[in-house]
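Q: So that we are looking at the same thing, I have put the structure below in structure tokens.
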Amino acid sequence: MAHPYFTPRRKKATKPRRDPFARFIEKVVIQDNGCWIWQATKDTAGYGRFFLESTRATLAHRYSYGLRGVPMDDDMLGCHTCDTPSCVNPFHVYPGTHQDNADDRERRGRGRGAQKKLRMMVA
3 MAHPYFTPRR KKATKPRRDP FARFIEKVVI QDNGCWIWQA TKDTAGYGRF FLESTRATLA
63 HRYSYGLRGV PMDDDMLGCH TCDTPSCVNP FHVYPGTHQD NADDRERRGR GRGAQKKLRM
123 MVA
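In the working numbering, the protein residues as written are 3 to 125.
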């Protein structure tokens, strides 16, 4: 017999979730430059968060890359060709290592060295 002050928790009734792609695409606005801008939850760096299951979130641009039918290894980053963190266009995302991402940042003039040079030029 259960303790008189203990009430067993009831399982919450879960409604069936809609198709993940349908939920994903309704959170996207397509811009003229080809970027698909994520309109839902974002992390502090501006990357979209997409909930595949009720409590499991994934980065929206990684999910979108998977729509191409090519899985991305867990140890790879989803790098952007467009430099827009909230872009989820699967053709603006490519798999890369941390070093690939750092090299790309420097090449585009967004790395620490570039910021330091800019500050020196302005001063």
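Virtual Cβ for every residue (Gly too), placed ideally from N, Cα, C. Treat the numbers as computed from the prediction; the structure is a model and nothing was measured.
Between Q101, V30, G36, which has its C-alpha nearest G50's C-alpha?
A: Position 48 of the sequence shown, counting from 1, holds the residue named residue 50. The candidate whose alpha carbon is nearest that of G50 is V30.
Q: With DSSP run on the structure shown, which of helix, strand or coil describes H100?
A: Here residue 100 corresponds to residue number 98 of the sequence shown, with the count starting at 1. The answer is helix: DSSP assigns H100 an H, G or I state.
Q: How is the beta strand (DSSP E) around A59 delimited, first residue to last?
A: As a working note, residue 59 is residue 57 in the sequence shown. Start and end: 59-61.
Q: Is it true that the CB of L54 sits closer than 8 Å to the CB of P22?
A: If you number the sequence shown from 1, residue 22 lands on position 20. If you number the sequence shown from 1, residue 54 lands on position 52. Cβ distance < 8 Å, so P22 and L54 count as in contact.
Q: Use the C-beta contact count for N35: other C-beta atoms within 10 angstroms, 16 or more gives buried, fewer gives exposed.
A: Stepping through the sequence shown from its first residue, residue 35 is reached at position 33. Result: exposed.
Q: Quick check on the DSSP output: the beta strand (DSSP E) that includes R25 runs from which residue to which?
A: One-based indexing of the sequence shown puts residue 25 at position 23. Not the beta strand (DSSP E): R25 falls in the alpha helix (DSSP H), residues 22-27.
Q: Where does the unbroken beta strand (DSSP E) through H82 begin, and where does it stop?
A: Sequence index remark: in the sequence shown, residue 82 carries index 80 (1-based). Unbroken beta strand (DSSP E) run through H82: 79-82.
Q: Check whether the Cβ atoms of G98 and L69 lie closer than 8 Å to each other.
A: On the sequence shown, position 96 is the one that residue 98 refers to. On the sequence shown, position 67 is the one that residue 69 refers to. Against a cut-off of 8 Å, the Cβ pair of L69 and G98 comes out as no contact.
Q: In or out: H63 buried (at least 16 other Cβ within 10 Å) or exposed?
A: Along the sequence shown, one-based indexing puts residue 63 at 61. Buried, by the Cβ-count rule.
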